[in-house]
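Visitor: Protein chains in written order, with numbering that gives the first Met the number 0: chain W, 0 to 151; chain Y, 0 to 285. So that we are looking at the same thing, I have put the structure below in structure tokens.
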Amino acid sequence: MVVTCTVKVAGNTPCTNDAEERGRCVVTGAEMTREVKAISGQNPYLCMQCGLCSASCTGVGFMDLLPRKVMRLVQLGDKKLLENRAIWLCSTCLTCTARCPRGLDVSRVMEALRVINLRKGTEVLAPEGIPEELLTEIPQMALTSGFRKLSS
Amino acid sequence: MSIPYFPGCTLHVKAKDLDDSTRAALAALGLELTELPEWTCCGAVFPLAQDNYMGMVAAARILANAAKLGDGRLVTVCSFCYHVLKRVNFAFRNRTEARNKLNEYLEEHYNGEVTLLHPLELIRDDVGFDVLQDRVYRRLKGLKVACYYGCTLSRPAEEMGFGEPENPTIMEELVAALGAEPVGFSWKTKCCGSYQVLNNAALAADRAQAVLEAASRQGAHVIITSCPLCRYNLERLPVGAAGKGESEARLPVLYFTQLLGIALQLPATTLGLDSHYLDALKEARA
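Have a look at this one:
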């Protein structure tokens, strides 16, 4: 089944990406929110901003924007979110997902924001940036998982 | 009785000791594992984008091939492998579109028939922790153990079926059967920082230290896990972390299968155990 992406790119030309490549043509904040909904399968407007996700987050101490605020900016359609560091510091531990009182899978929203970036070629983990000492001793699973989540 | 077994990429190289100790400990309990004749990496992480089916293909192929062996079961011990295979199997059973797409791509007719088992589940269901208790030669009396599940074994609970998402207890049940004492450990399903060690090493070090400190506070002598990445992140901290003096050894981190092997009095070499671990454990209980 091929579902054509409904997003219009600059100049109002319809995007030709099929659904498997959703998110590549995000230009506006509203498009970002729509694509996050489609890619994550989550309704961000269910979030009531209680902050339990932030309180539960593994990487929160290193984030410039807490998961609760990430959810808020998705609701508001603020495209600056795509350039935020926080979305790359998620370790997909699913604690936020397990605890959300609104039943939102927050980790899927975080992943959607990464995926929109990755499908445009924006990534944060490059092989040449990994210290050699780490490369020789780290378990293979870390490389596979890291590259799958953080590079395109 | 021989059960199909998927070791996964890390167990053949960096976590050979997890592979060795799993095979040896289960064999000692009468559970022979037979490695799948052909296998690839499972993909290591489950794709959280609804439209990312390619991220499920590797695990789907492994499951479809395991189904052809006819046993109906597949054992895997690495926490990442278990997580990915379990969730992809769940998708085959419950998501029509995923099932159709993956079968079409792989030219298979798989419907999620395989039951994926973690060795902890296999021991509980096929041996029984009560029976295991009687088969332990060297009871680990006085040894305080922090059971560290990490983030992948129990979440999401409805797909993993591994107990409470933040309070699974199966590893504690095993530890108790070995005669050791599982400590109350509120950090047991907190994340060690996982693959963020590649992207932000400080984050992973910070989380690992918090886990070690929490285990230390409970008086644990040893931490056990089934995840090579958890073990790596916990062990890469410098000696002296977790509030201990420089002269004091860091809390040892073992695979649960190694602890099981010790209790079954298997030779240290078959468990991939350095003798310093055994000495550390002896000292801990003294």
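In this text, a Cβ means the ideal position worked out from N, Cα and C, and glycines have one as well. From a predicted model like this one, the values you see are computed outputs, not experimental measurements.
State yes or no: is the C-beta of Gly260(Y) within less than 7 Å of the C-beta of Ser20(Y)?
Guide: The answer is yes: Cβ separation under 7 Å.
Visitor: What residues in its chain sit with their C-beta under 7 Å from that of Lys187(Y), if we drop five residues either side in the sequence?
Guide: Taken in chain order, the residues that qualify are Cys146, Tyr147, Tyr148.
Visitor: Please state the DSSP three-state secondary structure of Leu32(Y).
Guide: Here Leu32(Y) sits in strand by DSSP.
Visitor: Take the Cβ of Thr114(Y) as the centre, count every other Cβ of all protein chains shown within 10 Å, and call the residue buried at 16 or more, exposed below.
Guide: Burial call: exposed.
Visitor: Put Pro138(W) into one of helix, strand or coil per three-state DSSP.
Guide: Residue state, collapsed to three classes: coil.
Visitor: Please classify Glu106(Y): is it buried, with 16 or more other beta-carbons within 10 angstroms of its beta-carbon, or exposed?
Guide: Exposed, because fewer than 16 other Cβ atoms sit within 10 Å of the Cβ of Glu106(Y).
Visitor: Between the alpha carbons of Cys8(Y) and His82(Y), how many angstroms are there, rounded?
Guide: If you take the alpha carbons of Cys8(Y) and His82(Y), they lie about 14 Å apart.
Visitor: First and last residue of the alpha helix (DSSP H) that includes Val287(Y)?
Guide: In the structure as shown, chain Y begins at 0 and stops at 285. Residue 287(Y) is therefore absent and cannot be evaluated.
Visitor: Among the candidates Leu277(Y), Leu25(Y), Pro6(Y), Ala14(Y), whose CA atom is the shortest distance from the CA of Cys229(Y)?
Guide: Measuring from the Cα of Cys229(Y), the nearest candidate turns out to be Ala14(Y).
Visitor: Please determine, among Glu112(Y), Arg134(Y), Leu202(Y), the residue with the shortest C-alpha to C-alpha distance to Gln264(Y).
Guide: Closest by alpha carbon: Arg134(Y).
Visitor: With a threshold of 7 Å between beta carbons, is Thr256(Y) in contact with chain W?
Guide: Not an interface residue.
Visitor: Report the CB separation of Ile115(W) from Leu72(W) in whole angstroms; it is logged as a contact under 8 Å.
Guide: Not confirmed; about 13 Å, so no contact.
Visitor: By the 7 Å beta-carbon criterion, what residues does the segment 103-125 of chain W contribute toward chain Y?
Guide: Answer in chain order: Ser106, Arg107, Glu110, Ala111, Val114, Val123, Leu124.
Visitor: Output yes or no for whether 7 Å exceeds the beta carbon distance between Val144(Y) and Val221(Y).
Guide: A contact, by the Cβ cut-off of 7 Å.
Visitor: With 16 as the cutoff for other CB atoms within 10 Å, does Glu131(W) come out buried or exposed?
Guide: Glu131(W) should be labelled exposed.
Visitor: Roughly how many whole angstroms lie between the Cα atoms of Asp77(W) and Leu258(Y)?
Guide: Their backbone Cα atoms lie some 51 Å apart in a straight line.
Visitor: Could you tell me the alpha carbon to alpha carbon distance between Glu112(Y) and Ala66(Y), rounded to whole angstroms?
Guide: Taking the straight line from one Cα to the other gives about 7 Å.
Visitor: Are the C-beta atoms of Ser90(W) and some chain Y residue less than 7 Å apart?
Guide: At least one chain Y Cβ lies under 7 Å of Ser90(W).
Visitor: Which runs of the beta strand (DSSP E) fall wholly inside the segment 95-121 of chain Y and span at least 3 residues, in chain order?
Guide: If we require 3 residues or more, the beta strand (DSSP E) runs fully inside the segment 95-121 of chain Y come out as 114-116.
Visitor: Roughly how many whole angstroms lie between the Cα atoms of Ala130(Y) and Gly120(W)?
Guide: Here residue 130(Y) turns out to be Val, not Ala, going by the sequence shown. Whole-angstrom Cα-Cα distance: 55 Å.
Visitor: Along the chain, where does the beta strand (DSSP E) that runs through Lys143(Y) open and close?
Guide: 143-146 is the span of the beta strand (DSSP E), which, as asked, contains Lys143(Y).
Visitor: Is it right to say Ser55(W) is buried, meaning 16 or more other beta carbons lie within 10 angstroms of its own, or is it exposed?
Guide: Ser55(W) should be labelled buried.
Visitor: So which residues on chain Y does Thr27(W) lean against when the C-beta distance must stay under 8 Å?
Guide: Here the premise fails: no neighbours, minimum Cβ distance about 20 Å.
Visitor: Are the segment 82-89 of chain W and the segment 55-70 of chain W touching by the rule of at least three beta carbon pairs closer than 8 Å?
Guide: Yes, since at least three Cβ pairs between the segment 82-89 of chain W and the segment 55-70 of chain W fall closer than 8 Å, the two stretches touch.
Visitor: Enumerate in chain order the residues of its own chain whose CB-to-CB distance from Lys243(Y) is below 6 Å, with the five nearest sequence positions on each side excluded.
Guide: Here the model assigns Lys243(Y) a pLDDT of 48, short of 50, so the residue's position is not dependable, and the following value carries that caveat. Contacts found: none.
Visitor: Buried or exposed for Thr75(Y), going by 16 or more other Cβ atoms inside 10 Å?
Guide: Classification for Thr75(Y): buried.
Visitor: Taking CB distances under 7 Å as the criterion, tell me whether Leu152(Y) reaches chain W.
Guide: Closer than 7 Å: no.
Visitor: Can you pull the chain W residues whose beta carbon is under 7 Å from the beta carbon of Ala43(Y), in chain order?
Guide: What Ala43(Y) touches in chain W: Met140, Thr143, Ser144, Arg147.
Visitor: Could you list the residues in the segment 176-197 of chain Y with a C-beta less than 9 Å from some C-beta on chain W, going in chain order?
Guide: Within the segment 176-197 of chain Y, the qualifying residues are Thr188, Lys189, Cys190, Cys191, Gly192, Ser193, Tyr194, Gln195, Val196, Leu197.
Visitor: Strictly below 8 Å CB to CB, what residues from chain W border Gly218(Y)?
Guide: By Cβ distance, chain W contributes nothing, its closest Cβ being about 25 Å from Gly218(Y), past 8 Å.
Visitor: Could you compute how far the alpha carbon of Leu316(Y) sits from the alpha carbon of Pro3(Y)?
Guide: There is no way to answer for residue 316(Y), as the model of chain Y reaches only from 0 to 285.
Visitor: For Gly50(W), count neighbouring C-beta atoms within 10 Å of its own C-beta (all shown protein chains included) and say buried if the count is 16 or more, exposed if not.
Guide: When all chains shown are included, Gly50(W) counts as exposed.
Visitor: For chain Y, is any of its Cβ atoms less than 7 Å away from the one on Thr57(W)?
Guide: At least one chain Y Cβ lies under 7 Å of Thr57(W).
Visitor: In angstroms with no decimal places, state the Cα-to-Cα distance between Thr135(W) and Thr269(Y).
Guide: Each residue's Cα considered, the two are about 24 Å apart.
Visitor: Answer yes or no: does any C-beta atom of chain Y fall closer than 7 Å to that of Ala97(W)?
Guide: Taking Cβ atoms only, chain Y reaches closer than 7 Å to Ala97(W), which makes this a yes.
Visitor: Considering only residues of the same chain and omitting the five flanking positions on each side of Arg137(Y), which have a CB-CB separation below 6 Å?
Guide: So the list reads Ala262, Gln264, once near-sequence residues are dropped.
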